[in-house]
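*Asks:*
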RNA sequence: CGGGGAGUAGCGCAGUCUGGGAGCGCACCUGCCUUGGGAGCAGGGGGUCGCAAGUUCGAAUCUUGUCUCCCCGACCA
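Residue numbers (the numbering used here): 1419 to 1993.
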């Protein structure tokens, strides 16, 4: 490709609305431009990287026996009403009506559509296993799109859906996808982890997320430093412990704590460690049910764990008014002692063995000290409710300690079970002629997000450092002063053509620009290998080969430079 | 949704408080010059100051409304 005939609108300055480095660099390198909030044009350089990744995904999906198809982005409301998600999905689902006033949505995911197709076409156990995938544009009307392609509203996603005769077969499909995902992200040279995850609105029984490690990541993940355990904090378990009962003889005592509402204020006021306090938080399922959760003062509640422990569909904090009406006390002094009858109280496992705790007295301006579980107050049950923190013991192995990381979720695999197939009536006849429900799995990869995550992980002050498999071009050829030295131009052209003949993707910077501009643009756009043809070197028949990643510069005879590029690219792409 | 901030040339910004000429740097066009890390000189083109009302002799600037974008919050009892 000739630079002068291509389109790479680079920016010297960083646009002010770009927060994270991948967003900044994708704008500056002329890969993307914003059209509206969370909606982007993919410019030629951006599209080339995206296509590179798509093709890796495609190869690995095909290798794992998934079958490519393409579903529409516009979907009829009826299908979503059948699964109940028309109500459940909320405002993220972009809905609209056609001229006949029929309701539609722009698909944020395709379980309904693919399951509808399967229920029509698949009737026999002989037709399974099946796994359909597509690479397609989705739309989710995010509350807060941000970070460029990292969290857009419109985005490209690879989604796959497996269909199996039973749970065991579905597990095999899941394993195949899991393995395919490992290969995909390894091929991209990404530093990533597969972690256990909550299933969220997609639903299903179990799932793993594939996380690219990056400080700017929106997710927190916990991993064990000695075994393979790793999980999203939303899901990460604390180590279960045997019940321990306090045998304290210190009597319960009520203390006046005027205006000391927060746990920190109370602990400071009473001169106790925050670990000695218990806080009470009230949550609602939005449909009139409430629960009081008890946690050690320094711990954070994990809302997802509480939601799952209560088996609720939704969860939110109770409002001040609701709290007053269900507990009888104002926010700031809540506690389990003396709450109104009927309020469910659930305690975190960390309350095991806590003795003589400070806890809200459930009346204005007072707390109890020396409160003890069972002796002074009762709860309905205990559960794992808190977020894990660095330094916790591993829930799976004896000696491991939990470490925390930030990650960008680039892939997610789910075991769906029969959640959708049951609602949509996707069934088959088994060998005995008996009707059964199909078992499903679904598997997503954020295409644009993975490219962004790769940049997040591979850049320096000068710009992007693409790994060869994702780079828009493998190599660039820069002719210095092509207008002045015709031998330079001729040599550069020859190198360019030879490399292309070898199957190398080359960007030939033939522009009549000063060297500095060409070098800067080359570094910014992240092209992994660079050949510079200059007058001086050419007199000795040599050109310069620079490795973007290491900064290494080699002065080589032309043929050797070409051979080395060919070899480097082949090695990087081999898998 | 709540809170904060911002909309002035393609990009980055000043001007707004205290009303009166629409500006600066980069980019772009022309010419000269320069040519190994975003040069220099000279000349030039480009903006309904987000939009709509209002106040005023006069509005980028004041008032009201509205739209868009960005950031933060969603662990607090």
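The beta-carbon is built from N, C-alpha and C at its ideal position, and this holds for glycine as well.
What residue does the alpha helix (DSSP H) around residue 1518 start on, and which one ends it?
*Replies:* Unbroken run through residue 1518: none, as it is neither H nor E.
*Asks:* Give the DSSP-derived three-state secondary structure of residue 1952 in the structure shown.
*Replies:* coil
*Asks:* For residue 1806, which residues in the same chain have their Cβ closer than 7 angstroms to its Cβ, ignoring the five residues on either side in sequence?
*Replies:* Excluding the 5 residues flanking it on each side, residue 1806 has same chain C-beta neighbours closer than 7 angstroms at 1640, 1651, 1654, 1656 and 1820, in chain order.
*Asks:* What alpha helix (DSSP H) runs, 4 residues minimum, are completely inside the stretch 1563-1621?
*Replies:* 1585-1605
*Asks:* Taking the beta strand (DSSP E) that residue 1630 falls in, what are its first and last residues?
*Replies:* According to the DSSP assignment, residue 1630 belongs to the beta strand (DSSP E) that extends over 1624-1631.
*Asks:* If you count every other CB in all the chains shown that lies within 10 Å of the CB of residue 1886, and 16 or more means buried, which is it?
*Replies:* buried
*Asks:* May I ask you to verify whether the stretch 1896-1916 touches the stretch 1838-1853, counting CB pairs closer than 8 angstroms and requiring at least 3?
*Replies:* no
*Asks:* Do residue 1859 and residue 1591 have their C-beta atoms closer together than 8 angstroms?
*Replies:* yes
*Asks:* Look up residue 1634 in the DSSP assignment and say whether it is helix, strand or coil.
*Replies:* coil
*Asks:* For residue 1594, which residues of its own chain have a beta-carbon under 6 angstroms away from its beta-carbon, when the five flanking residues on both sides are left out?
*Replies:* Excluding its 5 nearest sequence neighbours in each direction, residue 1594 has C-beta neighbours in its own chain below 6 angstroms: 1482, listed in chain order.
*Asks:* Which value, in whole angstroms, describes the spacing of the CA atoms of residue 1569 and residue 1439?
*Replies:* 14 angstroms
*Asks:* Compute the distance between the beta-carbons of residue 1693 and residue 1715, then report whether it is under 8 angstroms.
*Replies:* yes
*Asks:* Would you kindly report the start and end of the unbroken beta strand (DSSP E) that includes residue 1434?
*Replies:* Residue 1434 -> no beta strand (DSSP E), and no H or E assigned at all.
*Asks:* Tell me which residues share the same chain as residue 1964 and place their Cβ nearer than 6 angstroms to its Cβ, disregarding the 5 neighbours each side in the sequence.
*Replies:* 1948 and 1971
*Asks:* Quick one: residues in its chain with C-beta nearer than 7 angstroms to the C-beta of residue 1497, no 5 flanking neighbours on either side, listed in chain order?
*Replies:* 1530, 1531 and 1534
*Asks:* Can you tell me whether DSSP reads residue 1682 as helix, strand or coil?
*Replies:* helix
*Asks:* Give me the residue from 1968, 1926, 1943 and 1930 with the minimum Cα distance to residue 1950.
*Replies:* In this structure, 1926 is the residue among 1968, 1926, 1943 and 1930 with its C-alpha nearest to the C-alpha of residue 1950.
*Asks:* Under the three-state reduction of DSSP, which class applies to residue 1920: helix, strand or coil?
*Replies:* coil
*Asks:* Assuming contact is defined by CB atoms lying nearer than 8 angstroms, are residue 1990 and residue 1961 in contact in what I supplied?
*Replies:* no
*Asks:* Run through the DSSP bridge pairs and tell me what residue 1926 is partnered with.
*Replies:* 1420 and 1895
*Asks:* On the DSSP letters alone, give me the boundaries of the beta strand (DSSP E) that residue 1853 sits inside.
*Replies:* 1853-1855
*Asks:* Quick one: using the 10 Å Cβ neighbour count with 16 as the cut-off for buried, is residue 1563 buried or exposed?
*Replies:* buried
*Asks:* Over what stretch of residues does the beta strand (DSSP E) that includes residue 1821 continue unbroken?
*Replies:* 1820-1835
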